[in-house]
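Since the structure comes first, as structure tokens, the remarks are kept for the end.
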Amino acid sequence: MTRTFIRNATVITMDGRDRILKNAGVLFEDDVIVEVGTDIDPGSDADVIDGTDRIVMPGLINGHIHMWQTAVRGFGVNWTGIEHHLHMQTEWVPVYQPDDMFQSEYVGALSLINGGVTTVFEWCHGNRTPDHSDAAIAGLERAGIRALFIHGTVKTLPREGEVHFSQVPHPAEEARRLRKRYPSDGGMMSLALGILGPDYSPVEVCEKDFALAAELDLWSSAHYSGRKGKVDGGYFTLAEKKILGSRHNAVHGNAMSDEEIKLLIGTGNTITATATTEISGGSKAPLISRVLEAGGLPAIGNDSETATAGSMLAAMRESLAIDRLFRNVKRDAAAKTDAPAATNAVYRGMPVPPRKSHDTYDALKWATIGNARSMGLDHRIGSLEPGKQADIVMIRANDINLVPAIDPVDAVVAFADAANVETVFVNGVARKAAGVLTDASATTAAAALRERTLRILAESGRAALAEERFS
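At the far end of the sequence shown sits residue 471, using UniProt numbering, and the numbering has no gaps.
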């Protein structure tokens, strides 16, 4: 048994009491947190880490990402949504090999760890064979990240004579095979089903997919817009037909009505926003404020690194800024004016109106306990509490871009980046220490990924993409 004690740190617990502690410590044994507080006796056998000038907090959780696309990172920054689907699913998925999946997941996970992420909800829908799924999982395991592998299905447009993907239920035998391999959510790797849902499949397919998730006692997740999809009435229809259960996660949903949001939240289901990608392809607000108004806790993620960096530090501040923008637009529309108060109209002693937007603590909550709760893992991760997993991040508060860091939450959410992340413990194991990833193969893996990228472009007939910026 190994005991580790982080002492004399500023500790953001994200626990039920929302405690932020000065000159505090965190004690963990192997992979479990034992004690968090200001008066801890670690014993004489503990490894002691000095937390002076350090912010200690729960590991960040990436609530939604397609990390299998890391090999084509950046190619879709200027794409429309239609271009993304055509290139990613119809051109590149058919030439993706299992080793491409492995390298993408491995490098993508190392990148997340580098930025303070200890758990990823990997929504994998590029796995056209069982070998692709196994390779993707192997890449996650190799990196040492905690992962919820959300097993999806490819959405390649059919050739003449082929059945459209929307008509094909989730592959039950493959799901059962993986469930047998990962029978519980108690380990470093757990399983969920990435189903087509009411946007992408008719009622008959939805019924089979939700039934499969129930049979295997798994959460399901689906991409959803809220516009008219394959199921007329969306989640209302699934609820009416007794198909919708209480362990389902809807991603995006920007066009959902307030009533549909309340239906999902009221039945125990969850909603995840990926604000940056959502405003890149649409004009409707991410469902952060409306989830809160419906009584839920928002969850956030990055979506696809074809267009958006997989940084949860960035996702927190971008989600907060985007939510504030849409709240301001809504407020101005209600006031029928967008004219700000003139500077010379401000005077000493004037009444200051209350703030009406969410703050940095809210954003940190979305990226920790909110994401944990979105897929039913908040009993294990998302906060620093005794009995939970030792997923812990240390950030240097005296770095030049963070100092003075008087408010630790503001410092982390508004200013921190991966360079400020000094130490990352995943399940009690140091995956980043002294500011450097502990995996000695990280540099080699990055080079191997680039080789896979060039092969994918060549085999898909898109090699010119690697040269189009150059004269």
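Virtual Cβ for every residue (Gly too), placed ideally from N, Cα, C.
Residue j beta carbon less than 9 Å from that of residue i
i      : j      : result
Gly43  : Arg7   : no
Leu140 : Phe149 : yes
Asn62  : Val117 : yes
Val72  : Thr453 : yes
Val36  : Leu384 : yes
Ala239 : Trp219 : no
Thr270 : His248 : yes
Arg146 : Asn427 : yes
Ser166 : Tyr200 : yes
Phe236 : Pro286 : no
Gly226 : Ile265 : no
Val56  : Ala24  : yes
Asn127 : Val421 : no
Val120 : Ala109 : yes
Lys155 : Val203 : no
Met67  : Gly310 : yes
Lys262 : Ala294 : yes
His125 : Thr153 : yes
Phe425 : Ile392 : yes
Ile195 : His170 : yes
Span of the beta strand (DSSP E), counted from its first residue to its last, around residue i
i      : result
Thr423 : 421-426
Leu27  : 20-29
Ile150 : 146-151
Exposed unless 16 or more other CB atoms sit within 10 angstroms - verdict on residue i
i      : result
Arg159 : exposed
Met350 : exposed
Lys388 : buried
Tyr347 : exposed
Lys180 : exposed
Lys356 : exposed
Glu173 : exposed
Met1   : exposed
Leu364 : buried
Gly51  : buried
Asn78  : exposed
DSSP three-state assignment for residue i, whether helix, strand or coil
i           : result
Glu160      : coil
Lys208      : helix
Leu437      : strand
Phe415      : helix
Lys330      : helix
Arg396      : strand
Ile261      : helix
Lys388      : coil
Asn401      : coil
Ala365      : Residue identity differs from the one stated: residue 365 is Lys in this sequence, not Ala. If DSSP states are grouped into helix, strand and coil, Lys365 belongs with the helices.
Arg462      : coil
Ala239      : helix
residue 472 : One cannot answer for residue 472 here, as it falls past the ends of the chain, which runs 1 to 471.
Val251      : strand
Val346      : coil
Val409      : helix
Boundaries (first-last residue) of the alpha helix (DSSP H) holding residue i
i      : result
Arg7   : Looking at the DSSP string, Arg7 is not in any alpha helix (DSSP H); the run it does join, the beta strand (DSSP E), is 3-12.
His125 : First-last for His125: undefined, no H or E at that position.
Ala446 : 442-459
Ala136 : 130-143
C-beta neighbour in chain C for residue i, strict 9 Å
i      : result
Lys262 : Although the question refers to chain C, the structure presented lacks it and comprises just one protein chain.
* **Sequence ranges, beta strand (DSSP E) only - wholly within the stretch 32-116, length at least 3** => 32-37, 47-50, 54-58, 60-65
* Asked: Where in the stretch 263-335 do unbroken runs of the alpha helix (DSSP H), each at least 4 residues long, occur, reported from the N-terminal end onward?
  -> With a minimum length of 4 residues, the unbroken runs of alpha helix (DSSP H) contained wholly in the stretch 263-335 fall at 275-281, 289-293, 312-335.
* Could you tell me which uninterrupted alpha helix (DSSP H) segments, each at least 4 residues in length, are contained entirely in the stretch 175-235, listed from first to last along the chain? => 197-200, 203-215
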